Amino acid sequence: MPPTTTTSPQQPINVKLLLIGNASVGKSSLLLRFSDEQWLPEDEATATIGVDFRVHKMEVRGKRVKLSIWDTAGQERFRTITSSYYRGAQGVILVYDVTNRETFDALPRWFNELDTYITTPIVKILVGNKVDKEFSRQVPTSEGEAYAERMGSLFVEASAKTAVGVQETFREVVEKILDTPELW
Numbered sequence: 038m039p040p041t042t043t044t045s046p047q048q049p050i051n052v053k054l055l056l057i058g059n060a061s062v063g064k065s066s067l068l069l070r071f072s073d074e075q076w077l078p079e080d081e082a083t084a085t086i087g088v089d090f091r092v093h094k095m096e097v098r099g100k101r102v103k104l105s106i107w108d109t110a111g112q113e114r115f116r117t118i119t120s121s122y123y124r125g126a127q128g129v130i131l132v133y134d135v136t137n138r139e140t141f142d143a144l145p146r147w148f149n150e151l152d153t154y155i156t157t158p159i160v161k162i163l164v165g166n167k168v169d170k171e172f173s174r175q176v177p178t179s180e181g182e183a184y185a186e187r188m189g190s191l192f193v194e195a196s197a198k199t200a201v202g203v204q205e206t207f208r209e210v211v212e213k214i215l216d217t218p219e220l221w
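For the sequence shown, the working numbering assigns the number 38 to the initial residue and increments by one for each residue that follows.
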């Protein structure tokens, strides 16, 4: 009797993503909206201490992908414990708050940190968050786009509150990683 062959389901591609940026830019809110389709009002949200971690499965271009998403604390006092979390990351989501110029002006420091801790190729996406607060905007879209282009980064504007741009953010990063086989 010939041996029977069973086809195992396609193994997912494991992808490690990091969320980085200043405190209170909405990193955790973006992750919560993406992974659980929920949003907490700012007065109910709490600061991330150290790192939060979520696993999310999705299908992109017919491939199963298992995302390990590391949500890092933006507060300076927790910066030392996050450097080890950069290791093995294939993508990074850098978040700033479009209503807070200071968070945009801090981006060079975050890109320098990436250069310090990441020695292999990585996909970067710059996300201007909180576009639902258009009346309070301090950073024009064109400025975010231009900075992302200079840094070799993808760019999206999003709102964790309204879900605008959230799925697009994660999908674009994963698609770019899948387009770069040496990353997986």
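Just so it is clear, CB atoms sit at the ideal spot from N, CA and C, and this is done for glycine as well.
Only a predicted model underlies this, so the values are computations on that prediction, with no experimental measurement involved.
- Our two residues, VAL129 and MET95, have alpha carbons roughly 17 Å apart in a direct line.
- The closest CA to that of VAL203, considering only VAL62, LEU67, ASN59, is found on LEU67.
- In this chain, the beta strand (DSSP E) harbouring THR109 covers 100-109.
- If you draw a straight line from the Cα of LEU69 to the Cα of ASN166, it is about 14 Å long.
- The Cβ-Cβ distance between LYS53 and VAL132 does not fall below 8 Å.
- For the set SER190, ILE159, SER105, LEU104, the Cα lying nearest the Cα of LEU144 is the one of SER190.
- Taking the CA atoms as reference points, THR217 sits about 9 Å from VAL160.
- The DSSP-derived three-state label of LYS213 is helix.
- The continuous alpha helix (DSSP H) containing PHE148 extends over residues 144-154.
- Residue range 128-134 is occupied by the beta strand (DSSP E) that includes ASP134.
- Residue pairing by DSSP puts LEU54 in a beta bridge opposite ILE106, GLY128.
- Separation of the CB atoms of LEU215 and VAL97 is rounded to 6 Å, and the pair is thereby assigned contact status at 8 Å.
- Taking C-beta separations shorter than 7 Å and ignoring five residues to either side along the sequence, the partners of TRP147 in its chain run ILE57, GLY58, LEU131, following chain order.
- Only residues of its own chain outside the window of five on either side were considered, and among them GLN47, PRO49 have a CB closer than 6 Å to the CB of ARG101, listed in chain order.
- The beta carbons of LEU151 and PHE192 sit no closer together than 8 Å.
- A residue is called buried when at least 16 other Cβ atoms come within 10 angstroms of its Cβ; SER179 does not meet this threshold and is exposed.
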